[in-house]
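*Asks:* Mind having a look at this structure? Questions to follow.
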Amino acid sequence: MRADGTPRLAAAAQRRHELTRAKAIKALRELDASGAPVTFQAVPEAAGVSRSWLYTQPDIHEQIQRLRDATGRAPAPPIPAAQRASDASLRTRLEAALDRNRKLANENQTLRRQLAHALGDQRAAGLQNSSDPQPAASQQVTLPQRSDPAEP
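If you count by this note's numbering, then the sequence shown holds residues -7 to 144, one letter each, in order.
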């Protein structure tokens, strides 16, 4: 009677499966690191596996789809995933820029008020020292108009 070789066949199939997964994951990482497009055509060509097999691997399938979508909208050449800014990072930078803009607008407003007061004081001092009710043309200063009508 022959011995049942099923366990050995199953073990060999499992090893082949793990080797194929490792090749696909390695190819995916290399494509992403090089900035090349990560697609369902490029990964199996680089890994030497079939495209249909990739579709049966949910985790690899999802990662290819995510990287494909991310690099598909990016300007050429695409930036590797490890070097891309995250949404949280971009939000933080935007919030910092908006905060800086608010501070600069407040500082601008304060400086305009201070300048208006200084010019008013200068005009008042010039009128008190002068017998002529109209100040000389060289002493007249006008403030520039605000470019933002919503600014208080």
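Positions of the beta carbon are idealized from the N, C-alpha and C atoms, including for glycine. All values reported here derive from a predicted model rather than from experimental measurement.
Would you kindly check if the distance between the Cβ of Lys15 and the Cβ of Gly40 is under 9 Å?
*Replies:* yes
*Asks:* Could you tell me the alpha carbon to alpha carbon distance between Arg105 and Ser78, rounded to whole angstroms?
*Replies:* Distance between Arg105 and Ser78, taken at the CA atoms: about 41 Å.
*Asks:* Starting from Pro219, follow the alpha helix (DSSP H) in both directions and report where the run begins and ends.
*Replies:* Residue 219 falls outside the range modelled here, since the chain spans only -7 to 144, and no answer is possible.
*Asks:* Measuring CB to CB, does Arg76 end up less than 9 Å from Ala97?
*Replies:* no
*Asks:* Looking at the structure shown, is Asp(-4) part of a helix, part of a strand, or coil, going by DSSP?
*Replies:* coil
*Asks:* Within 10 Å of its beta-carbon, does Ala66 have 16 or more other beta-carbons around it, so buried, or fewer, so exposed?
*Replies:* With a pLDDT of only 48 at Ala66, under the threshold of 50, the placement of this residue in the model should not be trusted; the figure read from the coordinates follows. The residue is exposed, with fewer than 16 neighbouring Cβ atoms inside 10 Å.
*Asks:* Could you give the DSSP three-state label for Ala66: helix, strand or coil?
*Replies:* A caution first: Ala66 carries a pLDDT of 48, below 50, which makes its placement in the model unreliable, though a value can still be read off. If DSSP states are grouped into helix, strand and coil, Ala66 belongs with coil.
*Asks:* Could you work out which residue in Glu37, Glu10 and Trp45 is closest to Leu23 when comparing CA atoms only?
*Replies:* Glu37
*Asks:* Taking only three categories from DSSP, how would you classify Ser81?
*Replies:* helix
*Asks:* Looking at the structure shown, is Ala28 part of a helix, part of a strand, or coil, going by DSSP?
*Replies:* coil
*Asks:* Tell me whether Arg76 sits in a helix, a strand or coil according to DSSP, three-state version.
*Replies:* If DSSP states are grouped into helix, strand and coil, Arg76 belongs with coil.
*Asks:* Using CA coordinates, which residue listed in Glu87, Leu59, Gln6 and Glu99 is at the minimum distance from Gly27?
*Replies:* Leu59
*Asks:* Whole angstroms is fine: what's the gap from Ala4's alpha carbon to Arg43's?
*Replies:* 22 Å
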